[in-house]
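Worksheet for the structure shown next.
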Amino acid sequence: MPVFISGLPMHVLVVHAVVVLVPLSVLAAITVAVWPAARRRFGWLAVGLAAVATVCIPIATSSGEDLRDRLVPTELIREHARLGDQLLIFVAGLLVVLAGLVWFASRNGTPTWVLPALMVATVGLAGVSAVQVVRIGDSGAHAAWSAVQYTAPQHQGDDG
């Protein structure tokens, strides 16, 4: 996998797919979990969105590892990588329980406890996935920008 595309680290480009798709998957999953009409109409679309998000995570992780290998190792980079490695577990879990929810909801004869259990699991994993994306993004921003010093722009012209 190339490390740079047009001079930009591939990880910086690819990670935006995860940053957009995981929160969209979270919103879709929660909507489908708590709103039966949305589940009937958009359930499999939400599952597809979660599947695409799940596929994007290893690409972002792999490109991040390639970039990490070219950087001076710091504790901030290690923490970002550690958090990033956990995201696939949560989003893949969300995909599985969401698919189960949509599938069981479309079948007759599903035991009465199954749908509520899958609804709770879907909302729970959606929440954990959302929190984890924020934690990863925050740690990545700290890793990328913590050593950057900014100077306030100088005003040119008169004030008055």
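For the sequence shown, counting from 1, position 25 maps to 25 in full-length UniProt numbering; every step adds exactly one.
Ideal placement from N, C-alpha and C gives every residue a C-beta, glycine not left out.
Just so we're clear, the structure is a prediction, and the values are computed from it rather than from any experiment.
Asked, Found
"Segment contact, 8 Å Cβ cut-off, at least three pairs: the region 107-122 with the region 132-146", "no"
"Same chain, Cβ closer than 7 Å to ILE59, neighbours up to 5 away in sequence not counted", "VAL14"
"Per-residue burial, LEU94 [other beta carbons within 10 Å of its own, 16 or more giving buried]", "buried"
"Any chain E beta carbon closer than 7 Å to ARG70", "Reference to chain E is not applicable here, since this structure consists of a single protein chain."
"Paired residues, beta bridge with PHE4 - DSSP", "PRO9"
"Nearest residue (CA-CA) to SER62, options GLY109, PRO23, PRO9", "PRO9"
"Unbroken alpha helix (DSSP H) run spanning PRO58, endpoints", "36-68"
"Cβ shell of LEU101 (< 6 Å), same chain only, five flanking positions each side left out", "LEU118, THR122"
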